[in-house]
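**Q** Quick note: the sequence shown, position 52, residue 52 per full-length UniProt numbering, numbers continuous.
Where a beta carbon is used, it is the ideal one built from N, C-alpha and C, also for glycine.
Bear in mind that the values here come from a model prediction, so they are computed numbers and not experimental data.
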Amino acid sequence: MPEQHAIVVGSGRVGSLVIAALRRHHLPLIVVEEDRAGAERLVAQGIPAIWGDATREEVFHAAAPERARLVIVALPDAPQAREVLRLARAARPGIQAVVRTHTDEEATWLEQEIAGTGLVLMGERETALGMADYAMQALGVAASTAQATVDVLRRRAMEDIAGG
Numbered sequence: 001m002p003e004q005h006a007i008v009v010g011s012g013r014v015g016s017l018v019i020a021a022l023r024r025h026h027l028p029l030i031v032v033e034e035d036r037a038g039a040e041r042l043v044a045q046g047i048p049a050i051w052g053d054a055t056r057e058e059v060f061h062a063a064a065p066e067r068a069r070l071v072i073v074a075l076p077d078a079p080q081a082r083e084v085l086r087l088a089r090a091a092r093p094g095i096q097a098v099v100r101t102h103t104d105e106e107a108t109w110l111e112q113e114i115a116g117t118g119l120v121l122m123g124e125r126e127t128a129l130g131m132a133d134y135a136m137q138a139l140g141v142a143a144s145t146a147q148a149t150v151d152v153l154r155r156r157a158m159e160d161i162a163g164g
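1) Going by other Cβ atoms of all chains shown within 10 Å of its Cβ, with 16 needed for buried, is P65 buried or exposed?
2) Measure the C-alpha to C-alpha separation of A74 and G12 and round it to an integer number of angstroms.
3) Going by beta carbon distance, what residues of the same chain come within less than 7 Å of A63, once the five residues before and after it are set aside?
4) Should G15 go down as buried or exposed, given a rule of 16 or more other Cβ atoms within 10 Å for buried?
5) Which residue comes first and which comes last in the beta strand (DSSP E) that contains R100?
6) What are the start and end residues of each continuous alpha helix (DSSP H) run of 4 or more residues lying completely inside the UniProt domain "RCK N-terminal" (3-120), in chain order?
7) Throw me the rounded Cβ distance for the V99 and G118 pair, which I believe falls under 8 Å.
8) For residue 200, which option in T101, V71, H102 has the closest C-alpha, if you only look at C-alpha atoms?
9) Based on Cα-Cα distance, which residue from D77, G46, V84, R67 lies nearest to V59?
10) Does M136 come within less than 7 Å of chain C when only Cβ atoms are used?
11) So does I47 have its beta carbon nearer than 6 Å to some heavy atom of the ligand GTP?
12) When you compare only the Cα positions, how much space is there between Q96 and R69?
13) CB R67 to CB E3, shorter than 7 Å?
14) From residue 189 to E40, what distance separates their C-alpha atoms?
15) Could you tell me the alpha carbon to alpha carbon distance between G140 and G130, rounded to whole angstroms?
This is the structure in structure tokens:
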């Protein structure tokens with residue numbers, strides 16, 4: 001079992017890109033995938049994968065969360081994401097987490113849960129910021145200025161949902 005690895009929960013559209021990025025840099029990871037064929041495909045590619053529902057304690061614990069550095073919850077379902085985060089925190093309090101969400105309400109709850117030990121990404125907001133970044137650059141704004149603007153907008157959005 002690896003030490004200080006990332007646990008990636010879900011290998012769909014979001015998780016597969018995260019897995020590709022981690023593999024590109026030879027970073028240690030274990031994937032928990034609910035779809036049997038998906039898990040088998042990962043194993044065939046040499047990626048450590050566990051087949052099963054990550055919200056089940058015995059499945060999640062097979063990924064050695066007590067030794068992991070980070071859990072990446074790439075699931076689209078908010079209740080499942082919450083449960084995976086709960087299991088991760090129970091196994092290793094303070095584990096870093098990256099979680100996706102689709103609503104401001106869920107983002108607020110998750111931000112409070114991970115309180116400085118991770119990142120919550122709301123898909124629609126990140127899509128909008130990516131589009132804004134591209135549009136600014138296409139219209140002549142320097143890449144560094146466009147990125148600074150995106151960073152300010154992201155920070156303001158996070159403050160707004162946190163009630164700040």
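**A** Quick look at the numbers:
1) buried
2) 8 Å
3) I7, I30, V32, I50
4) buried
5) 96-101
6) 13-24, 36-44, 57-61, 78-91, 104-114
7) 7 Å
8) Because the chain in this structure spans residues 1 to 164, residue 200 falls outside the shown range and cannot be described.
9) V84
10) This model lacks chain C altogether; it includes just one protein chain.
11) Annotation note on the ligand GTP: not contained in the displayed structure, which lists no ligands.
12) 6 Å
13) yes
14) Given that the chain is displayed from residue 1 to residue 164, the structure contains no residue 189 and the question cannot be resolved.
15) 16 Å
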